[in-house]
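**Q** In the UniProt record's numbering, the protein residues as written are 1 to 127. C-beta: ideal position from N, C-alpha, C; glycine also. Fair warning: this is a prediction, and the values are worked out from it, not measured in the lab.
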Amino acid sequence: EAERARYSELTRELRCPKCQNQDIADSNAPIAADLRKEIYRMLGEGQSNQQIIDFMVDRYGDFVRYKPSLNARTWLLWFGPAGLLVGGLVVIGLIVGRRRKAQSAHADGLSEDEKQRLATLLDEHRP
């Protein structure tokens, strides 16, 4: 029973190299069937889950794992989306801040010098 649970866990944790969006438990691709047989064989030999996962990663790369480990090669997978979100929020904040500043400057009206100059121009052009 424990072996069956480990088998199920491993086949759900590993991605089919051909299908890419299915685990090897659900995939009908021939490669997935081969991988299921390989996992069954390795479990029969007494290998640990980590040994089996390491074997699959060595053979197919980190992509084969639905939950890649955090290391120098995969840090972008883990932190890239958060970095993009923070960057987007900063850009939005800057845009909103500039618009508010521009609106408040426009709302303040004319400076005293501008008011004087406008009055002078209007006086010069009165009939």
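1. According to DSSP, D26 sits in a beta bridge with which residue or residues?
2. Is A32 near I39, with beta carbons less than 7 Å apart?
3. Beta-carbon within less than 6 Å of Y60's beta-carbon, same chain only, minus the 5 sequence neighbours each way: which residues are those?
4. Give the C-beta separation of L43 and E3 to the nearest angstrom, bearing in mind that I take them to be a contact with Cβ-Cβ under 8 Å.
5. Taking the alpha helix (DSSP H) that D123 falls in, what are its first and last residues?
6. So for L70, helix, strand or coil by DSSP?
7. I'd like the list of long-range same chain contacts for residue 131, defined as Cβ closer than 8 Å, with 5 residues on each side in sequence excluded.
8. Please determine, among F79, E114, A29, L14, the residue with the shortest C-alpha to C-alpha distance to D58.
9. Could you tell me if S104 is buried or exposed, where buried requires 16 or more neighbouring beta carbons within 10 angstroms of its beta carbon?
10. Give the C-beta separation of I53 and R41 to the nearest angstrom, bearing in mind that I take them to be a contact with Cβ-Cβ under 8 Å.
**A** Judging by the given coordinates:
1. Within the sequence shown, the letter at position 26 stands for residue 26. None; D26 has no bridge partner.
2. Counting from one through the sequence shown, the residue named residue 32 turns up at place 32. Counting from one through the sequence shown, the residue named residue 39 turns up at place 39. Cβ distance not < 7 Å, so A32 and I39 don't count as in contact.
3. Numbered from its first residue, the sequence shown carries residue 60 at position 60. The answer, listed in chain order, is P17.
4. On the sequence shown, position 43 is the one that residue 43 refers to. On the sequence shown, position 3 is the one that residue 3 refers to. Right, their Cβ atoms sit about 6 Å apart.
5. Within the sequence shown, the letter at position 123 stands for residue 123. Element bounds for D123: 112-124.
6. Taking the sequence shown and counting its residues from 1, one reaches residue 70 at position 70. Looking at L70 - three-state DSSP - the assignment turns out to be coil, as it is neither helix nor strand.
7. Only positions 1 to 127 of the chain appear in the structure, and residue 131 is not among them; the question remains open.
8. Taking the first residue of the sequence shown as position 1, residue 58 is located at position 58. Comparing Cα-Cα distances from D58 to each of F79, E114, A29, L14, the minimum goes to L14.
9. Residue numbering aside, residue 104 sits at position 104 when the sequence shown is read from its first letter. Answer is exposed; the Cβ neighbour count stays below 16.
10. As a first step, residue 53 must be located in the sequence shown, where it is residue number 53. As a first step, residue 41 must be located in the sequence shown, where it is residue number 41. The pair is not a contact, with the Cβ atoms about 15 Å apart (cut-off 8 Å).
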